[in-house]
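**Q**
Protein chains in written order, with the working numbering: chain A, 1 to 252; chain B, 1 to 377.
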């Protein structure tokens with residue numbers, strides 16, 4: 001069973017094709033990086049996966065089920081099987097850290113207060129935050145902490161699939177390293193499938209088991225980091241073989 | 001939809017009188033949510049028995065919610081007799097680690113909650129008053145500075161604010177004013193006709209609108225329309241750090257953002273009062289003509305004799321004071337917005353409510369102070 005299968009996906013926005021004929025299969029336990037230059041539709045592809053946008057052509061299956069159709073109950077149940085970390089965290093600014101993480105749990109309307117409290121505290125400690133951070137408001141958090149809280153919220157419903165939009169953007173190299181490390185550890189421990197959009201080669205090299213390169217509105221190549229580096233294409237040469245990229249990739 | 005294999009508990013008695021609890025199925029959030037309460041009771045019943053052998057080896061899937069459920073049944077420590085896989089033990093270890101960190105977090109004592117709420121309420125009021133006073137002081141200093149440096153006066157901002165809060169308010173204040181004039185005149189006419197005192201309609205409508213209703217109507221409308229917009233604008237600028245950006249460029253926020261708003265309202269409000277009062281009087285005139293057959297010419301000719309001109313000055317000075325009040329309050333609450341959505345909406349609401357309340361309070365003060373002026377003809 002593949003966790004994500006995208007078949008002949010095309011998306012047009014305001015008369016312009018953002019992506020055409022995209023095919024991707026993601027297996028359980030994969031950590032797939034979507035890379036590509038700015039504005040090549042990486043984030044759009046992620047929004048299509050989440051169901052925020054509907055494809056113009058083609059279809060997306062998550063856990064072998066279509067994203068749309070089949071009634072609200074089924075759609076909602078499917079959406080609870082993946083967690084999303086938005087680029088800027090998208091924490092609810094009016095709720096404390098505690099309430100942000102508790103929000104999806106309360107939405108289930110099945111869990112009692114004590115269990116929710118224990119679960120929130122567990123998620124906080126899983127993302128390496130302290131109990132006293134629970135009472136802070138999102139505006140008081142640093143960028144790295146906000147990302148961690150958002151990760152804890154994304155993990156609240158025990159998802160099988162984690163979708164990350166630019167997980168390291170806006171973090172300094174040190175924070176970025178420890179956040180990538182955290183995602184990798186949690187991903188392994190919880191047996192998560194992870195798909196992440198990035199233009200940060202360092203986090204890609206660190207985290208990805210497979211890399212999908214998006215350019216010219218399609219998937220240019222998909223494979224392990226080594227396989228991608230072996231291809232000869234102007235975009236790949238530009239993206240991976242610039243001086244800076246080489247420095248980063250050699251270090252890994 | 002995926003079918004979960006439901007979590008199961010299989011109880012069997014062992015030879016030495018102990019119980020073995022064999023757990024099976026999926027112990028995950030998705031599978032547990034259906035039968036949570038029943039499972040919790042079931043587990044609690046067995047956990048209270050002394051010798052229980054917990055066998056987790058048949059569990060198909062365990063996530064942290066399932067593990068937390070067991071952990072709570074075990075009263076937050078691993079039971080003495082436990083058979084579990086290394087992966088499962090890792091999950092329990094993670095929960096135990098979270099428990100150890102948590103010991104520091106204690107809820108505050110609630111015994112003196114009432115005292116606390118009185119105290120915080122008083123402190124908040126004090127902070128409002130002191131912030132408001134310093135805002136006024138800041139503006140006076142700004143005005144003193146601008147008098148000495150006339151080239152720094154923010155004409156463009158003042159003009160833009162006058163257009164937004166003054167010119168753009170004219171249609172709505174006119175509409176409301178006209179209708180109130182018609183209604184007031186209509187109701188008074190019904191009563192006056194009973195006494196044959198038709199002619200006094202001009203005194204009642206003229207005095208009521210010029211001295212009291214005109215300024216108050218405009219103040220309420222402007223507080224709701226422009227005051228709320230000003231609070232929200234300043235608030236969003238706080239949320240997006242634009243105010244800090246201005247300060248970093250060496251632009252005074254009070255000179256560039258607050259002063260123009262207050263000055264614009266101070267200028268436009270008396271003008272709006274004049275405009276609205278005029279339209280409301282026309283409304284009253286129309287109604288008086290229809291109801292009591294008082295001609296327009298007679299109404300206009302009698303008005304100066306019925307209502308002393310000092311009442312117009314009172315109305316206009318009310319407009320000035322109300323304008324400054326609404327502007328100051330809008331800016332005061334705008335600057336208190338903290339960077340979150342809840343605070344923005346709360347402060348915008350508070351701004352409008354406080355502005356209207358204080359305007360009515362000020363109106364009462366006017367009524368007392370000016371009681372000797374313009375009432376006896």
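Ideal Cβ positions, reconstructed from N, Cα and C, are used throughout, including at glycine. Model, not experiment: these values are computed from the prediction.
With 8 Å as the C-beta to C-beta threshold (strictly closer), list the residues of the segment 47-69 of chain B near chain A in chain order.
**A** Answer in chain order: 63, 64, 65, 68, 69.
**Q** Report buried or exposed for residue 114/B, applying the criterion of at least 16 other Cβ atoms within 10 angstroms of its Cβ.
**A** The residue is exposed, with fewer than 16 neighbouring Cβ atoms inside 10 Å.
**Q** List the whole-angstrom C-beta distance separating residue 359/B from residue 326/B, where the pair is believed to meet the contact cut-off of C-beta under 8 Å.
**A** 7 Å
**Q** I want to verify the contact list: residues of chain A whose CB lies under 8 Å from the CB of residue 340/B, in sequence order.
**A** 93, 94, 137, 138, 139
**Q** Is the Cβ-Cβ distance between residue 82/A and residue 62/A less than 9 Å?
**A** yes
**Q** Tell me whether residue 1/B sits in a helix, a strand or coil according to DSSP, three-state version.
**A** Low confidence applies to residue 1/B: its pLDDT is 45, below 50, so where it sits in the model is not reliable, and the reading given next is rough at best. Three-state DSSP puts residue 1/B in coil, outside helix and strand.
**Q** Looking at the strands, I want to know which residues DSSP matches up with residue 193/A.
**A** In the DSSP output, where bridge partners are listed per residue, residue 193/A has 161/A.
**Q** Report all residues from its chain with a CB closer than 7 Å to the CB of residue 32/B; omit the five preceding and five following residues, and keep chain order.
**A** 7, 39, 65, 66, 69
**Q** DSSP three-state call for residue 32/A: helix, strand or coil?
**A** strand
**Q** Decide if the segment 170-180 of chain B is in contact with the segment 270-277 of chain B; the criterion is three or more beta carbon pairs, one per stretch, under 8 Å apart.
**A** yes
**Q** Any idea what DSSP makes of residue 8/A, helix, strand or coil?
**A** strand
**Q** Within 9 Å of any Cβ in chain B, is that where the Cβ of residue 80/A sits?
**A** yes
**Q** To be precise: take each residue of the segment 216-240 of chain B, compare its Cβ to all Cβ atoms of chain A, and keep it if any distance is under 7 Å. Which residues remain?
**A** none
**Q** Compare the C-alpha of residue 223/B against each of 236/B, 331/B, 144/B and name the closest.
**A** 331/B
**Q** Shorter than 9 Å from the beta carbon of residue 147/A to some beta carbon of chain B?
**A** no
**Q** At 7 Å on the CB atoms, spell out the chain B contacts of residue 249/A, in chain order.
**A** Correct list: empty, because the minimum Cβ distance to chain B is about 32 Å.
**Q** Taking C-beta pairs closer than 7 Å, name the residues in chain A that residue 101/B reaches, listed in chain order.
**A** Chain A residues near residue 101/B: 125, 130, 131.
**Q** Short of 8 Å Cβ to Cβ, which residues in the segment 189-218 of chain A face chain B?
**A** Across the segment 189-218 of chain A, CB contacts with chain B closer than 8 Å involve 189, 190, in sequence order along the chain.
**Q** Within the continuous beta strand (DSSP E) that includes residue 35/B, where are the two ends?
**A** Where residue 35/B is concerned, there is no enclosing beta strand (DSSP E), given that its DSSP letter is neither H nor E.
**Q** Since I believe residue 213/A is in contact with residue 35/A (beta carbons under 8 Å), could you give me their beta-carbon distance rounded to a whole number of angstroms?
**A** 6 Å
**Q** Does residue 16/A get closer than 9 Å to chain B when you measure Cβ to Cβ?
**A** no
**Q** I want to verify the contact list: residues of chain B whose CB lies under 7 Å from the CB of residue 110/A, in sequence order.
**A** 33, 36
**Q** Which of the three DSSP states, helix, strand or coil, is assigned to residue 66/A?
**A** strand
**Q** Hey, would you say residue 143/A sits closer than 9 Å to residue 175/A, going by beta carbons?
**A** yes
**Q** In chain order, what are the residue ranges of uninterrupted beta strand (DSSP E) at least 3 long that sit wholly in the segment 173-246 of chain A?
**A** Counting only runs of 3 or more, we get 193-197, 210-215, 218-223.
**Q** Taking the alpha-carbon positions, what's the residue 292/B to residue 265/B distance?
**A** 38 Å
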